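*Asks:* The structure is given below, and queries will be raised subsequently.
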Amino acid sequence: MKKLFLLTIISLFVVSYVNAQWQQTNGPYGGDIRCIAINGSNIFAGTNNGVFLSTNNGSNWAAVNTGISANTIVNALVISGNNIFAGTYGGVYFSSNNGNSWSMVNNGLPAYSAVNALAISGNSIFAGTSNGVFLSSNNGNSWTVVDSGLTNTIIYSIAISENNIFAGANNGVFLSSNNGNSWTVVDSGLTNTIVYSIAISGNNIFAGTWGGGIFLSSNNGQLWSAVNTGLTSEYVYSLAISGNNIFAGTGGIWGGNDSGGVFLSLNNGSNWFATGLAGNDVLSIATNGTSNIFAGTYNGGVFLSLDNGNNWSNFNTGITNTHVFSLTISGSNIFAGTIGSGAFLSSNNGNNWVEVNNGLTSNNVYTFAIRDTSSIFAGIYGGVFLSSNNGSNWSAVNTGLPANTIVKALVISDSNIFAGTNSGMFLSSNNGSNWTAINTGLPANTIVNAIVISGDNIFAGTWNGVFMSSNNGNSWNAVITGLTDTIVRTLTISGSNIFASTLNGGLFLSTNNGNSWAAINNGFQISTDVNSLVINGNNIFAGTNYGVFLSTNNGNSWSEVNTGLPIITTVNALVISGSNIFAGTQNGGVWKRALSEMGIEETKNDESNITIYPNPTKGKFTISQTKNLKSITVLNIMGEVIYYSIPNNYQTITEIDLSYVSKGIYFVKVENGNESHLKKIVIQ
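Residue numbering for the sequence shown follows the numbering used here, starting at 33 and increasing by one per position.
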């Protein structure tokens with residue numbers, strides 16, 4: 033009976049299909065803010081995930097997307113009275129009720145036209161698109177192309193001053209003085225003709241360019257001169273004017289570490305000085321005519337200055353628009369790595385997220401690795417960083433890594449840490465203090481996206497296929513037989529099964545240590561990209577560009593489990609914590625769903641705070657928890673006891689060596705006081 037009882041405990045999961053529902057967690061907040069428009073006390077922000085509204089000066093935001101297609105990228109917003117127009121990659125949307133509902137108004141616009149700019153003059157609405165300038169005189173009900181004289185139809189910006197309409201294009205500035213019926217190029221003096229932004233103050237016209245800084249014309253665009261003194265970045269995304277103050281939102285190459293931020297000129301552009309947000313790509317700036325300045329950034333969300341730019345604070349509560357790239361579990365904590373917004377931590381199942389970026393030199397966080405709760409490693413644009421206090425502070429551990437390394441994968445095996453980078457593979461045997469390149473057999477400068485370990489074998493998923501090392505990375509051999517695409521995105525191991533996802537070939541399975549691979553794409557849509565995999569017993573979850581898929585038969589077939597997710601949600605990361613599965617999405621933050629709602633039931637929620645690391649292990653592992661350990665029992669898959677000990681002095685940390693047992697799945701039973709908890713461990 034005792035053995036039967038143990039087997040019952042070990043049978044952790046039961047399948048019973050029922051309806052399910054994903055729910056968005058409360059963050060992480062932020063993401064791309066492409067445009068901002070202000071109408072009295074209402075502030076609208078256009079994002080990669082629709083429109084958000086704040087009615088309390090940015091303190092809180094709420095999505096106002098009824099009628100707007102899911103995952104719509106909003107490039108432009110313009111307000112006229114009670115009417116709001118949103119320019120998107122799918123055309124123009126219109127709302128007459130403060131954004132409560134929207135309708136598409138695309139009659140006359142080319143299909144799939146990207147609307148980059150909107151401007152209003154009287155009854156005329158101008159739309160700058162990837163196909164030229166379009167005009168509507170009936171509230172967007174119909175549009176007419178007005179591009180006579182335009183020598184380039186990619187329009188980034190539009191500004192209007194009385195009867196003059198200026199359009200910033202991919203090859204200069206164009207002027208129309210007859211409501212768009214004809215255009216004339218006015219670019220004399222422009223040494224850079226990619227014009228992203230235009231702002232007008234009296235007779236002065238300012239043009240912000242991509243790579244050439246800011247230009248000023250005081251004669252209706254007939255002659256331009258550069259006014260860049262004090263600017264540290266000449267990539268100008270946005271311009272805004274409030275009285276005598278001219279604000280410029282700058283940046284660099286998208287998502288990079290180039291200097292950027294907000295600059296202010298008090299003398300018509302003769303001089304500029306930085307006001308803050310250095311290192312941010314500032315895509316949009318808006319002012320309500322007071323000293324309040326709103327700045328929308330690339331993946332950093334909304335910032336507000338109450339004193340004309342002297343000080344800035346982040347105001348993102350409610351903007352669920354982050355690009356989550358990685359998720360990792362450490363005890364009861366969930367770490368989320370984002371592109372552009374840094375690292376976040378939730379200690380309450382996603383109910384709240386806290387930014388944990390202190391010490392990180394980049395906001396692009398690609399991966400995490402947990403040695404124990406006191407050693408957390410992050411792979412970022414800029415190398416490897418270590419936190420010894422749950423992410424509160426980070427310090428670089430980069431000695432031996434090339435400068436500006438992008439670390440896409442981190443794996444810990446006993447005393448070794450393996451890092452997959454854009455320059456190949458690296459190994460540290462001293463907690464990251466020093467790194468050594470281990471690239472013999474790998475193609476030169478190959479990009480390593482994923483690393484997994486199975487026993488003595490290390491597998492690296494690269495842009496050149498899967499490679500295996502059996503000697504701690506000293507040499508590598510390609511194992512690509514059967515792979516129809518060699519750009520490998522992820523690797524996951526479950527027992528003797530190795531799963532590899534590729535860029536264009538879908539998902540592959542190897543059951544013989546990588547010697548051969550077979551496609552397992554039955555049930556996936558055509559052109560499905562598998563970005564992440566997580567395995568729970570016999571259940572395999574795949575995060576894709578079409579949401580989440582589930583297989584209960586080792587990948588032989590897949591079915592969608594997307595109820596509650598927006599249509600066509602890209603899922604970059606998946607983790608399981610307790611009774612929930614969490615999904616990190618592109619431009620939607622983190623979502624969660626109860627495993628039981630998908631027919632996967634846990635017999636008991638784990639609230640033990642027990643940590644076993646490393647797991648998988650070659651045999652040696654450590655058990656730690658917050659309470660004193662009374663006894664430790666290790667069971668094999670049949671419920672037989674193979675190890676038993678009583679820790680000395682009721683200690684909270686115990687090291688165990690089971691390197692003598694066979695490889696496979698085992699269960700660790702930990703008793704502390706009147707409580708008993710069971711944890712799974714894999715010995716490779």
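All residues carry an ideal CB built from backbone N, CA and C; glycine is no exception.
As the structure is a computational prediction, the values presented were derived from the model and not from experiment.
Just reading off the beta strand (DSSP E) that residue 623 is part of, what are its end residues?
*Replies:* Per DSSP, residue 623 belongs to the beta strand (DSSP E) from 622 to 626.
*Asks:* What do you reckon, are the CB atoms on residue 604 and residue 625 nearer than 8 angstroms?
*Replies:* Cβ distance not < 8 angstroms, so residue 604 and residue 625 don't count as in contact.
*Asks:* Please determine if the stretch 505 to 523 and the stretch 474 to 482 are in contact, where contact requires at least 3 C-beta pairs separated by less than 8 angstroms.
*Replies:* The stretch 505 to 523, when compared against the stretch 474 to 482, does touch it at the 8 angstroms Cβ threshold.
*Asks:* For the beta strand (DSSP E) that contains residue 418, what are its first and last residues?
*Replies:* First-last of the beta strand (DSSP E) with residue 418: 415 to 419.
*Asks:* Hey, how far is the Cα of residue 86 from the Cα of residue 279?
*Replies:* Near 22 angstroms, if we compare the C-alpha coordinates of residue 279 and residue 86.
*Asks:* Would you list, in sequence order, the uninterrupted beta strand (DSSP E) runs of no fewer than 3 residues that lie entirely inside the stretch 141 to 189?
*Replies:* Fully enclosed beta strand (DSSP E) runs of 3 or longer: 147 to 153, 156 to 161 and 164 to 168.
*Asks:* Touch check for the stretch 339 to 356 and the stretch 367 to 381: three-plus C-beta pairs under 8 angstroms?
*Replies:* The stretch 339 to 356 vs the stretch 367 to 381: in contact.
*Asks:* Leaving out the 5 sequence neighbours to the left and right, which residues in its chain are closer than 6 angstroms to residue 71 when beta-carbon positions are compared?
*Replies:* Around residue 71: 111.
*Asks:* Pairing CB atoms from the stretch 334 to 346 with CB atoms from the stretch 305 to 316, are three or more of them under 8 angstroms?
*Replies:* Counting Cβ pairs under 8 angstroms, three or more are found: they touch.
*Asks:* On the CB-based measure, 16 or more other CB atoms within 10 Å of its CB, does residue 710 come out buried or exposed?
*Replies:* It counts as buried.
*Asks:* As a quick exercise: from 458, 561, 403 and 75, pick the residue whose alpha carbon is nearest that of residue 430.
*Replies:* Comparing Cα-Cα distances from residue 430 to each of 458, 561, 403 and 75, the minimum goes to 458.
*Asks:* What residue does the beta strand (DSSP E) around residue 404 start on, and which one ends it?
*Replies:* Run containing residue 404: 397 to 404, per the beta strand (DSSP E) assignment.
*Asks:* Taking only three categories from DSSP, how would you classify residue 629?
*Replies:* Of the three classes helix, strand and coil, the one that applies to residue 629 here is helix, per DSSP.
*Asks:* Using a threshold of 8 angstroms, state whether the C-beta atoms of residue 553 and residue 538 are closer than that.
*Replies:* Yes, the Cβ-Cβ distance between residue 553 and residue 538 is below 8 angstroms.
*Asks:* Please list the segments of the beta strand (DSSP E) lying wholly inside the stretch 581 to 618, counting only runs of 3 or more residues, in order along the chain.
*Replies:* Entirely contained in the stretch 581 to 618, the beta strand (DSSP E) runs reaching 3 residues are, in chain order, 603 to 609 and 612 to 617.
*Asks:* If residue 301 sits next to residue 268, beta carbons under 8 angstroms apart, how far is it from one beta carbon to the other, in whole angstroms?
*Replies:* Contact flag wrong, Cβ pair sits at about 11 angstroms.
*Asks:* Just to confirm my understanding: we take residue 412, look at its own chain, exclude 5 residues before and 5 after, and list those with CB closer than 7 angstroms. What are they?
*Replies:* Same-chain partners within the cutoff: 392, 394, 396, 397, 398 and 439.
*Asks:* Please classify residue 698 as buried or exposed, where buried requires at least 16 neighbouring CB atoms within 10 angstroms.
*Replies:* So residue 698 counts as buried.
*Asks:* On the CB-based measure, 16 or more other CB atoms within 10 Å of its CB, does residue 148 come out buried or exposed?
*Replies:* The residue in question, residue 148, is buried, as its Cβ has 16 or more Cβ neighbours within 10 Å.
*Asks:* Does residue 692 pass the burial test, meaning 16 or more other C-beta atoms within 10 Å, or should it be called exposed?
*Replies:* Residue 692 should be labelled exposed.
*Asks:* Let me confirm a value: residue 18 is counted as buried when at least 16 other C-beta atoms fall within 10 Å, else exposed. Which label applies?
*Replies:* The structure shown does not extend to residue 18, since the chain is modelled only from 33 to 716, so the question has no answer here.
*Asks:* Starting from the N-terminal side, write out each stretch of the beta strand (DSSP E) that is 3 residues or longer and does not extend beyond the stretch 319 to 353.
*Replies:* As far as the stretch 319 to 353 is concerned, its whole beta strand (DSSP E) runs of at least 3 residues are 325 to 329 and 333 to 337.
*Asks:* Taking the Cβ atom as the reference point for each residue, do residue 649 and residue 715 lie within a distance shorter than 8 angstroms?
*Replies:* Yes; because the gap between Cβ atoms is below 8 angstroms, this pair is in contact.
*Asks:* Buried or exposed for residue 694, going by 16 or more other Cβ atoms inside 10 Å?
*Replies:* The residue is exposed, with fewer than 16 neighbouring Cβ atoms inside 10 Å.
*Asks:* So, is the C-beta of residue 218 closer than 8 angstroms to a C-beta in chain B?
*Replies:* Among the protein chains of the structure shown there is no chain B, as only one such chain exists.
*Asks:* If we count the other Cβ atoms within 10 Å of its Cβ and call it buried at 16 or more, is residue 676 buried or exposed?
*Replies:* Flag for residue 676 reads exposed.
*Asks:* Kindly identify the DSSP beta-bridge partner or partners of residue 55.
*Replies:* DSSP lists 624 as partners of residue 55.
*Asks:* So, at 6 angstroms on beta carbons, what are the nonlocal neighbours of residue 7 in its own chain, with the 5 sequence-adjacent residues on each side left out?
*Replies:* Limits of the chain in this structure are 33 at one end and 716 at the other, which puts residue 7 out of reach.
*Asks:* So what does DSSP say about residue 121, is it helix, strand or coil?
*Replies:* Residue 121 falls in the coil class under three-state DSSP.
*Asks:* Anyone know if the C-beta pair for residue 492 and residue 485 falls short of 8 angstroms?
*Replies:* Their beta carbons are not under 8 angstroms apart, which means residue 492 does not touch residue 485 by this criterion.
*Asks:* Once you ignore the five residues that flank residue 253 on each side, which residues in its own chain have a CB closer than 7 angstroms to its CB?
*Replies:* Within the same chain, residue 253 has close Cβ partners 198, 205, 207, 218 and 237.
*Asks:* Tell me the rounded alpha-carbon separation between residue 666 and residue 403.
*Replies:* Taking the straight line from one Cα to the other gives about 21 angstroms.
*Asks:* Would you report the Cα separation of residue 90 and residue 571, rounded to the nearest angstrom?
*Replies:* Each residue's alpha carbon lies about 42 angstroms from the other.
*Asks:* Measuring alpha carbon to alpha carbon, tell me which of 703, 672, 614 and 644 ends up nearest residue 54.
*Replies:* Closest by alpha carbon: 614.
*Asks:* Note the first and the last residue of the continuous beta strand (DSSP E) segment covering residue 214.
*Replies:* Taken as a continuous stretch (DSSP letters only), residue 214 belongs to no beta strand (DSSP E), as it is neither H nor E.
*Asks:* First and last residue of the beta strand (DSSP E) that includes residue 460?
*Replies:* Residues 456 to 460.
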